[in-house]
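The block underneath contains the structure these notes are about, expressed in structure tokens.
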Amino acid sequence: MINGEFDVFIPKPERSVVAIPPPGDGAGFWAGAPSAVSKDGWIYLAYRLRRPIGEGRGYAIEVARSADGVHFETLLTISKEQMNTESLERPTLVATPEGRWRLYLSCATYGTKHWRVEVMEADDPAAFDPAAARVVLPGDLKTGVKDPVILHHGDMWHLWASCHPLEDPQEADQMVTDYATSADGLDWAWQGTALDRRPGAWDSRGVRVSAVTFTGETVIAYYDGRASAEENYEERTGVAIGPDPSTLTATGAGPAAQSGHAGGGLRYLDIVPVDGGHRLYYELTRPDGAHELRTELR
């Protein structure tokens with residue numbers, strides 16, 4: 010709870026189980042960056058697979074489904090070569106009000122620090138075609154855009170994306186979360202920065218919204234934060250609230266949740282409603298430095 014008013018789901022790794030193991034052991038091998046949708050008795054999950062830099066980085070996105078939220082069958086694998094990208098990061102899986110599906114992919118431009126977001130549509134989560142993808146968030150020479158959180162609420166589409174400055178490559182790891190709106194979920198109008206860093210705090214270097222919940226007239230956001238470039242890839246989870254989706258304020262003096270191992274990473278939290286509760290998905294750092302995709306039921 011926040012101020013005794015709102016339900017807030019703080020990850021408790023000791024209550025979680027592994028949903029997707031990393032593709033290898035040791036630092037740099039990751040399974041994570043989940044995006045989950047609960048629909049028609051199934052949980053659909055899109056997630057990223059990564060190897061260390063020099064061995065492939067974010068080399069694939071998988072779309073899978075599960076009846077119990079823990080054991081997944083793979084429906085589709087999309088490689089970085091199919092997306093003409095140096096690396097893939099967090100995907101965003103969305104079911105539209107019209108009954109179709111969209112998959113938004115964060116793609117690194119070769120040889121740069123630039124990121125863009127592309128989208129593909131299908132009637133079924135197993136039918137996405139990378140050849141039909143198109144850019145919806147191009148970024149520009151000064152800004153890389155990736156890791157969008159996308160919701161349809163109140164007859165419109167909302168988006169929160171991680172934005173990185175590109176003018177100085179040594180500073181490109183910094184990030185804020187900008188907010189955008191859309192009538193169709195494809196053509197977006199930027200509305201400014203929704204969540205910014207806090208100087209001198211644990212999230213002073215970067216903040217990236219990972220999940221958003223509308224609760225009455227209040228918006229609850231979960232975000233990844235870090236205080237330094239050295240903490241890149243090992244962000245911890247925080248909570249922010251706001252009176253509307255464009256204005257979020259971080260709460261608490263420290264992370265709300267983190268791993269007890271290695272760099273402490275607990276990031277990319279997503280939450281989906283299930284019968285009788287909610288299921289959390291997130292990327293967690295293991296003792297050997299690898300990242301695994303874990304889930305817990307609340």
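Okay, so the sequence shown: first residue is 10 according to this note's numbering, each after it adds one. Quick reminder that beta carbons are idealized off the backbone N, C-alpha and C, glycines included.
Query: Assign Q179 to one of two classes, buried (16 or more other C-beta atoms within 10 Å of its C-beta) or exposed (fewer than that).; Result: exposed
Query: Counting pairs of beta carbons, one from the segment 51 to 67 and one from the segment 19 to 38, are three or more of them closer than 8 Å?; Result: yes
Query: List the residues that DSSP assigns as beta-bridge partners of L114.; Result: E127
Query: Please give me, in chain order, every unbroken run of the beta strand (DSSP E) with length at least 3 that falls completely inside the segment 131 to 188.; Result: 143 to 146, 152 to 162 and 165 to 174
Query: With 16 as the cutoff for other CB atoms within 10 Å, does P282 come out buried or exposed?; Result: exposed
Query: Give, in chain order, every unbroken run of the beta strand (DSSP E) that is at least 3 residues long and sits entirely within the segment 17 to 84.; Result: 26 to 29, 39 to 48, 51 to 59 and 67 to 75
Query: Which residues share a DSSP beta bridge with T227?; Result: T224
Query: Relative to the C-alpha of R245, which residue among R125, G215, T224 and L84 is closest?; Result: G215
Query: Taking the C-alpha atoms as reference points, what is the distance between F137 and G209?; Result: 43 Å
Query: State the beta-bridge partners of Y232 as determined by DSSP.; Result: V218 and G247
Query: On the premise that M129 lies in contact with A142, defined as a C-beta separation below 8 Å, what is that separation, rounded to the nearest angstrom?; Result: 4 Å
Query: Within this structure, are the beta carbons of A230 and A259 separated by less than 7 Å?; Result: no
Query: According to DSSP, simplified to helix, strand and coil, what is E292?; Result: strand
Query: Alpha carbons only, please: which of Q183, R207 and V103 is nearest the one belonging to A55?; Result: V103
Query: Give me, in chain order, the residues of the same chain whose beta-carbon lies closer than 8 Å to that of A220; leave out the 5 immediate sequence neighbours on both sides.; Result: V158, A230, Y231, L278, D279 and I280
Query: Exposed or buried, which one is V26 when buried takes at least 16 other CB atoms within 10 Å?; Result: exposed
Query: Apply the 10 Å Cβ neighbour rule to N12 and answer buried if 16 or more other Cβ atoms are within range, or exposed otherwise.; Result: Because N12 carries a pLDDT of 48, less than 50, the predicted location of this residue cannot be relied on, and the following value inherits that uncertainty. Answer is exposed; the Cβ neighbour count stays below 16.
Query: Give every residue of the same chain whose Cβ lies closer than 7 Å to the Cβ of L289, excluding the five residues on either side of it in the sequence, and list them in chain order.; Result: F18, P20, L278, I280, T304, E305 and R307
Query: Please name the residue in R295, H162, T222 and D133 whose C-alpha comes closest to that of R276.; Result: R295
Query: Just the Cα atoms here: how many angstroms apart are L257 and G263?; Result: 16 Å
Query: Would you list the one or two residues that DSSP bridges to A259?; Result: A249
Query: Let me check understanding here. Comparing Cα to Cα, which of R235, W211, K48 and V218 lies closest to D182?; Result: R235
Query: Please name the residue in L168, G225 and T94 whose C-alpha comes closest to that of Y119.; Result: T94
Query: Looking at the structure shown, is E305 part of a helix, part of a strand, or coil, going by DSSP?; Result: strand
Query: Need the endpoints of the beta strand (DSSP E) that P282 sits in, please.; Result: L275 to V283
Query: Which of the three DSSP states is assigned to M10 in this structure?; Result: Model confidence at M10 stands at a pLDDT of 47, short of 50, so the residue's coordinates are unreliable; what they give is reported in the following sentence. Coil at M10, not helix or strand.
Query: Can you find the residues in the same chain that come closer than 7 Å, C-beta to C-beta, to P31, ignoring five residues on each side of it along the sequence?; Result: F38, W39, A40, A299, H300 and E301
Query: DSSP three-state call for H287: helix, strand or coil?; Result: strand
Query: Of the choices E226, R74 and Y242, whose alpha-carbon is the least far from that of F15?; Result: E226
Query: Using DSSP with H/G/I as helix, E/B as strand and the rest coil, what is A104?; Result: strand
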